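Residue numbers (the working numbering): 117 to 276.
Remarks on the structure that follows.
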């Protein structure tokens with residue numbers, strides 16, 4: 117069946133939060149200082165009502181199989197937005213879903229007029245990091261902004 121991509125809706129909150137936490141447990145990064153314990157994870161549709169933000173959902177047969185967005189995290193330099201919460205279900209990996217979600221988020225950033233995209237990740241997420249690098253993200257030596265996700269220790273930046 118075809119995979120559809122759309123913007124987040126309120127009815128996605130619970131299913132999306134469960135997917136995100138399942139994936140963090142899978143990679144053993146379900147710890148404080150991550151979205152695992154972040155209370156906003158349970159109501160992402162509200163979070164992405166923020167101006168200059170967007171969150172994309174990948175859906176197959178009515179089931180959420182991934183998501184990714186951009187968010188104007190406080191403390192980022194002018195013109196910079198954060199790529200956030202890129203997750204794909206294990207059943208969806210290797211099918212280009214993550215890449216498509218990332219691309220839709222990058223396109224949203226460009227439409228909003230951003231000229232840089234920042235992200236935070238973990239070394240355990242080697243496939244994602246490789247995908248980011250192929251898209252042109254470069255590793256940084258320190259974090260930018262105030263995401264509150266102090267456990268993340270991979271920081272990357274894409275200049276658009």
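From the three backbone atoms N, C-alpha and C, an ideal C-beta is built for every residue, glycine too.
Predicted, not measured: the structure shown is a model, and the values here were computed from it.
Would you list the residues sitting across from residue 75 in a DSSP beta bridge? Outside the displayed range of the chain (117 to 276) lies residue 75, so it cannot be described from this structure.
Using DSSP with H/G/I as helix, E/B as strand and the rest coil, what is residue 180? On the chain shown, position 64 is the one that residue 180 refers to. DSSP places residue 180 in strand when its eight states are reduced to three.
What do you reckon, are the CB atoms on residue 136 and residue 215 nearer than 9 Å? Taking the chain shown and counting its residues from 1, one reaches residue 136 at position 20. Taking the chain shown and counting its residues from 1, one reaches residue 215 at position 99. Not closer than 9 Å, so no.
In angstroms with no decimal places, state the Cα-to-Cα distance between residue 179 and residue 127. Position 63 of the chain shown, counting from 1, holds the residue named residue 179. Position 11 of the chain shown, counting from 1, holds the residue named residue 127. Rounded to whole angstroms, residue 179 to residue 127 spans 12 Å at the Cα level.
At least 3 beta-carbon pairs within less than 8 Å: the stretch 165-173 vs the stretch 220-233: Touching, yes, given that three or more Cβ pairs across the two stretches are closer than 8 Å.
Contact between the stretch 144-151 and the stretch 183-190 is defined here as three or more beta-carbon pairs at a separation below 8 Å; is this criterion met? Contact fails between the stretch 144-151 and the stretch 183-190, because fewer than three Cβ pairs, one in each stretch, are under 8 Å apart.
Quick check on residue 261: buried or exposed, where buried means 16 or more other Cβ atoms within 10 Å of its Cβ? Reading the chain shown from its first residue, position 145 is the one you call residue 261. Classification for residue 261: buried.
Determine the direct distance from the alpha carbon of residue 203 to that of residue 269, and round the result to whole angstroms. The residue labelled residue 269 in the question sits at position 153 within the chain shown. The residue labelled residue 203 in the question sits at position 87 within the chain shown. Whole-angstrom Cα-Cα distance: 17 Å.
Specify, as a first and last residue, the run of the beta strand (DSSP E) that residue 202 falls within. Taking the first residue of the chain shown as position 1, residue 202 is located at position 86. Unbroken beta strand (DSSP E) run through residue 202: 196-204.
Within 10 angstroms of the Cβ of residue 208, are there 16 or more other Cβ atoms? Answer buried if so, exposed if not. As a first step, residue 208 is located in the chain shown; it is residue number 92 there, counting from the start. Buried, since its Cβ has 16 or more Cβ neighbours within 10 Å.
Please list, in chain order, all residues of the same chain as residue 205 whose beta carbon is under 7 Å from its beta carbon, the five residues on each side excluded. Residue numbering aside, residue 205 sits at position 89 when the chain shown is read from its first letter. Cβ within range, chain order: 135, 181, 182.
To the nearest angstrom, report how far apart residue 241 and residue 210 are at their CA atoms. As a working note, residue 241 is residue 125 in the chain shown. As a working note, residue 210 is residue 94 in the chain shown. The alpha-carbon atoms of residue 241 and residue 210 are separated by roughly 14 Å.
Measuring CB to CB, does residue 199 end up less than 9 Å from residue 235? As a working note, residue 199 is residue 83 in the chain shown. As a working note, residue 235 is residue 119 in the chain shown. Going by C-beta atoms, residue 199 is nearer than 9 Å to residue 235.
Bridge partners - residue 175, DSSP secondary structure assignment: Taking the first residue of the chain shown as 1, we reach residue 175 at position 59. DSSP lists 120, 180 as partners of residue 175.
Check for me: the beta strand (DSSP E) holding residue 215 runs from which residue to which? Locating residue 215 in the chain shown gives position 99, counting from the first residue. It is not in any beta strand (DSSP E) - residue 215 instead sits in the alpha helix (DSSP H) that spans 213-228.
Alpha-carbon spacing of residue 138 relative to residue 145, whole angstroms: The residue given as residue 138 occupies position 22 in the chain shown. The residue given as residue 145 occupies position 29 in the chain shown. Near 10 Å, if we compare the C-alpha coordinates of residue 145 and residue 138.
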